[in-house]
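Top line first, the protein sequences correspond to chains E and W.
Take the first sequence: its letter number 169 is residue 181 in the working numbering, and every next letter is one higher.
Take the second sequence: its letter number 238 is residue 250 in the working numbering, and every next letter is one higher.
Every residue gets a Cβ at the ideal spot worked out from N, C-alpha and C, and that includes glycine.
As the structure is a computational prediction, the values presented were derived from the model and not from experiment.
There are 2 protein chains.
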Amino acid sequence: MPPPPAFRFEALLVGDRWEPDVRMEVDAAGRIASLSPGSPDAACEQVCGWTVPGVPNLHSHAFQRALAGLAEADGPDSFWSWREVMYRLAALPGPDEVEAIALQLYVELLKAGFTCVGEFHYLHHPPGGGRYADPAEMSRRIVRAAEKAGIGLVHMPVVYENAGLGGEPLTGSQRRFRLDLDEALRIRADLADVCGGAGCGLGLALHSVRAVRPATFRRIFENPCAAGSPMHIHVAEQEREVRECLAQRGARPVQWLLDHAPVDQGWCLVHATHMTGAEAAAVAARGAVVGLCPTTEANLGDGLFPLGALVRAGGRFGIGTDSHVSRSPVEELRLLDYGQRLAARARSVPRTGPDRTRNGALAGAGGALLAHAWENGCRALAWDGGTVAVGRRADLAVLDAGHPALAGRRGHAVLDSWVFSGTESPVRDVMVAGDWVVRDRRHMCEEGAARGYAAAVDGLIQPGGR
Amino acid sequence: MPPPPAFRFEALLVGDRWEPDVRMEVDAAGRIASLSPGSPDAACEQVCGWTVPGVPNLHSHAFQRALAGLAEADGPDSFWSWREVMYRLAALPGPDEVEAIALQLYVELLKAGFTCVGEFHYLHHPPGGGRYADPAEMSRRIVRAAEKAGIGLVHMPVVYENAGLGGEPLTGSQRRFRLDLDEALRIRADLADVCGGAGCGLGLALHSVRAVRPATFRRIFENPCAAGSPMHIHVAEQEREVRECLAQRGARPVQWLLDHAPVDQGWCLVHATHMTGAEAAAVAARGAVVGLCPTTEANLGDGLFPLGALVRAGGRFGIGTDSHVSRSPVEELRLLDYGQRLAARARSVPRTGPDRTRNGALAGAGGALLAHAWENGCRALAWDGGTVAVGRRADLAVLDAGHPALAGRRGHAVLDSWVFSGTESPVRDVMVAGDWVVRDRRHMCEEGAARGYAAAVDGLIQPGGR
Numbered sequence: 013m014p015p016p017p018a019f020r021f022e023a024l025l026v027g028d029r030w031e032p033d034v035r036m037e038v039d040a041a042g043r044i045a046s047l048s049p050g051s052p053d054a055a056c057e058q059v060c061g062w063t064v065p066g067v068p069n070l071h072s073h074a075f076q077r078a079l080a081g082l083a084e085a086d087g088p089d090s091f092w093s094w095r096e097v098m099y100r101l102a103a104l105p106g107p108d109e110v111e112a113i114a115l116q117l118y119v120e121l122l123k124a125g126f127t128c129v130g131e132f133h134y135l136h137h138p139p140g141g142g143r144y145a146d147p148a149e150m151s152r153r154i155v156r157a158a159e160k161a162g163i164g165l166v167h168m169p170v171v172y173e174n175a176g177l178g179g180e181p182l183t184g185s186q187r188r189f190r191l192d193l194d195e196a197l198r199i200r201a202d203l204a205d206v207c208g209g210a211g212c213g214l215g216l217a218l219h220s221v222r223a224v225r226p227a228t229f230r231r232i233f234e235n236p237c238a239a240g241s242p243m244h245i246h247v248a249e250q251e252r253e254v255r256e257c258l259a260q261r262g263a264r265p266v267q268w269l270l271d272h273a274p275v276d277q278g279w280c281l282v283h284a285t286h287m288t289g290a291e292a293a294a295v296a297a298r299g300a301v302v303g304l305c306p307t308t309e310a311n312l313g314d315g316l317f318p319l320g321a322l323v324r325a326g327g328r329f330g331i332g333t334d335s336h337v338s339r340s341p342v343e344e345l346r347l348l349d350y351g352q353r354l355a356a357r358a359r360s361v362p363r364t365g366p367d368r369t370r371n372g373a374l375a376g377a378g379g380a381l382l383a384h385a386w387e388n389g390c391r392a393l394a395w396d397g398g399t400v401a402v403g404r405r406a407d408l409a410v411l412d413a414g415h416p417a418l419a420g421r422r423g424h425a426v427l428d429s430w431v432f433s434g435t436e437s438p439v440r441d442v443m444v445a446g447d448w449v450v451r452d453r454r455h456m457c458e459e460g461a462a463r464g465y466a467a468a469v470d471g472l473i474q475p476g477g478r
Numbered sequence: 013m014p015p016p017p018a019f020r021f022e023a024l025l026v027g028d029r030w031e032p033d034v035r036m037e038v039d040a041a042g043r044i045a046s047l048s049p050g051s052p053d054a055a056c057e058q059v060c061g062w063t064v065p066g067v068p069n070l071h072s073h074a075f076q077r078a079l080a081g082l083a084e085a086d087g088p089d090s091f092w093s094w095r096e097v098m099y100r101l102a103a104l105p106g107p108d109e110v111e112a113i114a115l116q117l118y119v120e121l122l123k124a125g126f127t128c129v130g131e132f133h134y135l136h137h138p139p140g141g142g143r144y145a146d147p148a149e150m151s152r153r154i155v156r157a158a159e160k161a162g163i164g165l166v167h168m169p170v171v172y173e174n175a176g177l178g179g180e181p182l183t184g185s186q187r188r189f190r191l192d193l194d195e196a197l198r199i200r201a202d203l204a205d206v207c208g209g210a211g212c213g214l215g216l217a218l219h220s221v222r223a224v225r226p227a228t229f230r231r232i233f234e235n236p237c238a239a240g241s242p243m244h245i246h247v248a249e250q251e252r253e254v255r256e257c258l259a260q261r262g263a264r265p266v267q268w269l270l271d272h273a274p275v276d277q278g279w280c281l282v283h284a285t286h287m288t289g290a291e292a293a294a295v296a297a298r299g300a301v302v303g304l305c306p307t308t309e310a311n312l313g314d315g316l317f318p319l320g321a322l323v324r325a326g327g328r329f330g331i332g333t334d335s336h337v338s339r340s341p342v343e344e345l346r347l348l349d350y351g352q353r354l355a356a357r358a359r360s361v362p363r364t365g366p367d368r369t370r371n372g373a374l375a376g377a378g379g380a381l382l383a384h385a386w387e388n389g390c391r392a393l394a395w396d397g398g399t400v401a402v403g404r405r406a407d408l409a410v411l412d413a414g415h416p417a418l419a420g421r422r423g424h425a426v427l428d429s430w431v432f433s434g435t436e437s438p439v440r441d442v443m444v445a446g447d448w449v450v451r452d453r454r455h456m457c458e459e460g461a462a463r464g465y466a467a468a469v470d471g472l473i474q475p476g477g478r
């Protein structure tokens, strides 16, 4: 057997410190087998630059990548009219198109520094209705796209039952999404052959309080079928949802969820935009992660997340790219912080909870934000990355120290400048489970992915006039 | 004499329409000499993709490029503590460093699709005090950096007299900025040898209501010395400035300015964040442009600009990158719109005034925002670009139709997707005054600019621990 791959990193973020000249061995499962700072080993692969953990992306609907920029009317428009445009697109792609769109997305995510993605997958059935011979067909295409791209995947089939809180039947465009809990569990079991390995985890998702029957929440409460694997749900994204839930269930959606589901540290509450201070404290006390998707939440006019209430209560948040109007971890974090600054009319906004301080490389605003994304994104996905330590996955992103965004930066200014200095990305190389998937800014299959994506999108979008 | 350069554009934005196969001739002054849509000419240079006017950047402090990401403390922090960090940096660079920093910035601006920049220049004197033998030394370095980069420049020496509204003397770190109106006019006159041509315009700037004496405003009111050339001023960026102005002058800063200066369509009011509805209507009635710098205003926690009040009054705004935490026109416009959407909890926010509708390629949110930036940025800089028409400057940006951000996009979705679909830029080529300065994503001197910038910044920033 050949010796395990070894690398020497010029500067590696270990905990909250930049350690110089760290030799790292990676085992056959893609995990860090050893770490030796200050190593003189010049024979192994030398990695220049500032190397950080890859960022987990905790919330993605891959097919929506094709929609980014297509639903930007200048005129009467809302989340709900956006949803109609999204439904029209969602009605179209078959398995080949979804795989092509997901592959392009995953290549883009990797190039930006994400190394794993949680897929909140609800495009289950064929366009126009019916069932695939293999009910897991569409899920398998997502898994295949992730394998081709080389990104870590946590696949979460989504339970989707109702059109609304009153148990209204699904509309025509929602029929592709229909899945009850038993079907979702069956798809999950079916995927065990492709998702058992290190590169692919499995979770489960409930679309939302409005789209899942109370009886299903009861079943999960009595028998937490997803124990040990991630459980994700959209909640309180729009004010209308809050009003309807108050009217029909007598509680706000986050409170209703906490009362009717075994929400704990295995859960991720996606958006939770319209959460009260009391709800934020209760979510923090349960140890659940809030899944923020700042660019999507801004794009859809959801509203500003009450970050101060959550972090003051010691709560946890990670980030996702959701509808993929951005595919960059730092644009998500930058917009999250800028929203808070604009609303507070201040630069000093809450980022770090009362129970901890950030030091060293994490002492600035950029590091504080990234620390949440690394730690809590991995918690939300039950993903063994997000930090450099023996036994963890070797999921890493290398920032080019020679990039103008990082010129002269040291200490915490490296991460601050990555997050806050503009849109040119300094991410040069990306490693997933010990394998380089992006080298010198190029993904190994980016040309093919872009060609396949363009062909798929051209086929979906009706030709319009110029 | 050789024939004038000619190009055929696959798709060119003319007014609000994508015109196919447009042949364009450019005269010796870099202006559009002819436009022929539907041309069969296959012999001239063929330009594939979606070609749009280059975007004017109406507000820049070039030296602050070196600061982006360096002042991001996670803890007590404010505009005013940021300003102290900025002053420490501003105290350091000499002419060579400023030229190197500006060159890097201008290369980055061009690559992102900006084709001219308004430089609000207040770093007049040597580090530590005294005067350069040539009082225009620092201005000349800015002009030289713009020439090297090939970006259009409107240079505006800044009058800077006081530390505050009470006429307080300048502090040590502000002494490099000190310039009275006569000195500013003299620098402007001195620069006539290098700024007379097509590539460099001249304007004048007043730092702010707080840093310029009332007597100077009176002189300008009585004798509008800058008539016909741009006059720029920072105003109402921070709430503290509004409170102090109310306390000391009995009026909010925008109102005070309207009462004490000949504000008209030659003026640009930069920021104007804390403007009342009545002030917005008055500014609109004067025809002045509001210079918005969304990423800087968010980064500094200034507050959210009341865009609805301005556009409903028929007012005008353009965009600038100011402190250069972003160097992208579309990130500025995206953040401007996202801030409005987050505050309104809506996707439908005011973008277009009551007097007009946007059609064709400008019918979406992206096009509506770009239309303001093109038209009013050029108005604020007295720059003859921003639209494709015979007699205008041939300042253009070519969007790569093969870029995944634009896959399948047609009509207004092209501009919407440029603005709203993430951070990977589809800008492939950039032309300034008929000359290509960016080809296939590379600026002709980007390596040298980056090396010079890194050396300058390394020399300025004290080595810190890791």
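Of all Cβ atoms in chain W, is any one closer than 7 Å to the Cβ of residue 416 of chain E? Closer than 7 Å to some Cβ of chain W, the Cβ of residue 416 of chain E qualifies, so yes.
Any idea what DSSP makes of residue 16 of chain E, helix, strand or coil? Reduced to three states, the DSSP call for residue 16 of chain E is coil.
For residue 181 of chain E and residue 232 of chain E, the rounded distance between their alpha carbons: Straight-line Cα distance between these residues: approximately 22 Å.
Does chain W have any CB closer than 7 Å to the CB of residue 435 of chain E? Nearest CB-CB separation between residue 435 of chain E and chain W: below the 7 Å threshold.
Count the other CB atoms, across all protein chains shown, that sit within 10 Å of the CB of residue 250 of chain E; report buried if there are 16 or more and exposed otherwise. Classification of residue 250 of chain E: buried, given that the 10 Å Cβ count is 16 or more.
Nearest-angstrom Cα distance between residue 475 of chain E and residue 246 of chain W? With a pLDDT of only 47 at residue 475 of chain E, under 50, the local geometry of the prediction cannot be trusted, and the value read off the model is given with reservation. Each residue's CA atom was taken as its position, placing residue 475 of chain E and residue 246 of chain W some 46 Å apart.
Can you tell me which of W:295, W:147, W:26 and W:129 puts its alpha carbon nearest to the alpha carbon of residue 371 of chain W? Here the closest residue by C-alpha is W:26.
Residues in the region 211-236 of chain E having any Cβ partner in chain W nearer than 9 Å: Hits within the stretch: zero.
Between W:88, W:451, W:59 and W:72, which has its C-alpha nearest residue 362 of chain E's C-alpha? Answer by Cα proximity: W:88.
With DSSP collapsed to three states, give me the class of residue 277 of chain W. Residue 277 of chain W falls in the coil class under three-state DSSP.
Closer than 8 Å at the beta carbon, the chain W residues around residue 428 of chain E: The contact set of residue 428 of chain E on chain W, defined by CB atoms closer than 8 Å, consists of 81, 82 and 84 in chain order.
Going by other Cβ atoms of all chains shown within 10 Å of its Cβ, with 16 needed for buried, is residue 220 of chain W buried or exposed? Only buried fits residue 220 of chain W, as 16 or more other CB atoms lie within 10 angstroms of its CB.
Go ahead and label residue 285 of chain E buried or exposed: buried means 16 or more other beta carbons lie within 10 angstroms of its beta carbon, across all protein chains shown. The residue is buried, with at least 16 neighbouring Cβ atoms inside 10 Å.
Taking 7 Å as the cut-off, decide whether the C-beta atoms of residue 163 of chain E and residue 122 of chain E are in contact. Yes, the Cβ-Cβ distance between residue 163 of chain E and residue 122 of chain E is below 7 Å.
Give a yes or no on whether the minimum CB-CB distance between residue 359 of chain E and chain W is below 7 Å. Interface residue, yes.
Between residue 51 of chain E and residue 100 of chain E, is the Cβ-Cβ spacing less than 7 Å? Taking 7 Å as the Cβ cut-off, residue 51 of chain E and residue 100 of chain E do not qualify as a contacting pair.
Less than 8 Å between the CB atoms is what I'm expecting for residue 409 of chain W and residue 66 of chain W, so what's the real figure, rounded? About 5 Å separates the two Cβ atoms, so the contact holds.
Residue 312 of chain E and residue 359 of chain W look like a contact to me (Cβ under 8 Å); what is the Cβ gap, rounded to whole Å? Yes, they are in contact, since the Cβ atoms of residue 312 of chain E and residue 359 of chain W sit about 6 Å apart, within 8 Å.
Straight-line Cα distance separating residue 236 of chain W from residue 477 of chain W: Model confidence at residue 477 of chain W stands at a pLDDT of 33, short of 50, so the residue's coordinates are unreliable; what they give is reported in the following sentence. Going by the C-alpha atoms only, they are around 52 Å apart.
Would residue 459 of chain E pass as an interface residue toward chain W - the criterion being a Cβ-Cβ separation below 7 Å? Under the Cβ criterion of 7 Å, residue 459 of chain E is not counted among the residues facing chain W.
Where residue 94 of chain W meets chain E, residues with beta-carbon distance less than 8 Å: The answer, in chain order, is 359.
Strictly below 8 Å CB to CB, what residues from chain W border residue 116 of chain E? Those within 8 Å of residue 116 of chain E in chain W are 416.
Which one of W:412, W:203 and W:456 has the shortest CA to CA distance from residue 62 of chain W? That would be W:412, whose Cα lies nearest to the Cα of residue 62 of chain W.
If you measure beta-carbon to beta-carbon, which residues of the region 336-354 of chain E are closer than 8 Å to chain W? Here the close residues are 336, 337, 338, 339, 340, 343, 347, 350, 351, 353 and 354.
Which residue from W:454, W:210 and W:374 puts its Cα closest to that of residue 507 of chain W? Outside the modelled stretch of chain W, which goes from 13 to 478, sits residue 507 of chain W, for which no answer is possible.
Reducing DSSP to helix, strand and coil, say where residue 69 of chain E ends up. When secondary structure is reduced to three states using DSSP, residue 69 of chain E falls in the strand class.
Between W:188, W:28, W:73 and W:85, which has its C-alpha nearest residue 399 of chain W's C-alpha? Of the candidates W:188, W:28, W:73 and W:85, the residue whose Cα lies closest to the Cα of residue 399 of chain W is W:28.
Residue 473 of chain E at chain W interface by Cβ criterion, 7 Å: By this cut-off, residue 473 of chain E is an interface position.
What ranges does the alpha helix (DSSP H) occupy inside the region 301-331 of chain W, keeping only unbroken runs of at least 4 residues that lie completely in it? Within the region 301-331 of chain W, the complete alpha helix (DSSP H) runs of at least 4 residues are 306-311 and 319-324.
Candidates W:455, W:225, W:36 and W:366: which alpha carbon is nearest residue 178 of chain W's? Nearest of W:455, W:225, W:36 and W:366 to residue 178 of chain W, Cα basis: W:225.
Given that residue 298 of chain E touches chain W, what residues does it touch there, using C-beta distances under 9 Å? Within chain W, not a single residue places a beta-carbon under 9 Å from that of residue 298 of chain E; the smallest gap is close to 26 Å.
Chain-ordered neighbours of residue 88 of chain W on chain E, where CB pairs are closer than 7 Å: At a beta-carbon threshold of 7 Å, the residues of chain E lying near residue 88 of chain W are 360, ordered along the chain.
Quick check on the DSSP output: what are the complete alpha helix (DSSP H) runs of length 4 or more inside the region 112-194 of chain W, in order along the chain? If we require 4 residues or more, the alpha helix (DSSP H) runs fully inside the region 112-194 of chain W come out as 149-161.
Flag residue 21 of chain W as yes if its beta-carbon sits less than 7 Å from any beta-carbon of chain E, otherwise no. In terms of beta-carbon proximity, residue 21 of chain W stays away from the interface with chain E, with every pair separated by 7 Å or more.
Please list the partners that residue 165 of chain W has in chain E, where partner means a Cβ-to-Cβ separation under 9 Å. Proximity of chain E to residue 165 of chain W at the Cβ level (cut-off 9 Å) is not reached, the minimal Cβ distance being about 20 Å.
Cβ pair residue 38 of chain E, residue 14 of chain E closer than 7 Å: Cβ distance not < 7 Å, so residue 38 of chain E and residue 14 of chain E don't count as in contact.
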